[in-house]
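Visitor:
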Amino acid sequence: MQGERARGETSTAWARAKAAQRRLEAARAARDEAIRELLEQGESLRTIASRTGLSFSAVRYIGRRKRDD
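The working numbering puts the first residue of the sequence shown at 10, with every later residue one more than the last.
Rendered as structure tokens:
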């Protein structure tokens with residue numbers, strides 16, 4: 010009985026974790042798209058990095074990834 014309940018709780022925890030992962034991926038995709046738009050508008054890498062809290066390298070990578078896709 011106890012094992013069945015534990016499995017059910019674990020299953021629920023996995024479902025919540027998977028849902029949270031999907032939300033995180035969607036948020037990252039939205040952030041990346043916004044960064045690409047800012048770069049297209051001529052905003053500097055340093056300004057974007059400063060305002061988003063991302064590293065300069067991360068912003069540059071996001072910008073380059075757009076060109077590679």
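Positions of the beta carbon are idealized from the N, C-alpha and C atoms, including for glycine.
1. Quick check on the DSSP output: the alpha helix (DSSP H) that includes S59 runs from which residue to which?
2. Sorted by chain position, which residues of the same chain lie with C-beta nearer than 6 Å to L48's C-beta, five sequence neighbours on each side aside?
3. When the Cα atoms are used, what is the spatial distance from G17 to A26?
4. Just the C-alpha distance for A22 and A39, rounded to the nearest angstrom, thanks.
5. Could you name the residues of the same chain whose beta carbon sits closer than 8 Å to that of L54, not counting the 5 residues immediately before and after it, in chain order?
Guide: Considering the structure as presented:
1. It spans L54 to T61 - the alpha helix (DSSP H) in which S59 sits, taken as one unbroken run.
2. Closer than 6 Å at Cβ, skipping near neighbours: G72.
3. In a straight line, the C-alpha of G17 is about 14 Å away from that of A26.
4. If you take the alpha carbons of A22 and A39, they lie about 26 Å apart.
5. Only L48, F65, V68, R69 and G72 meet the Cβ criterion.
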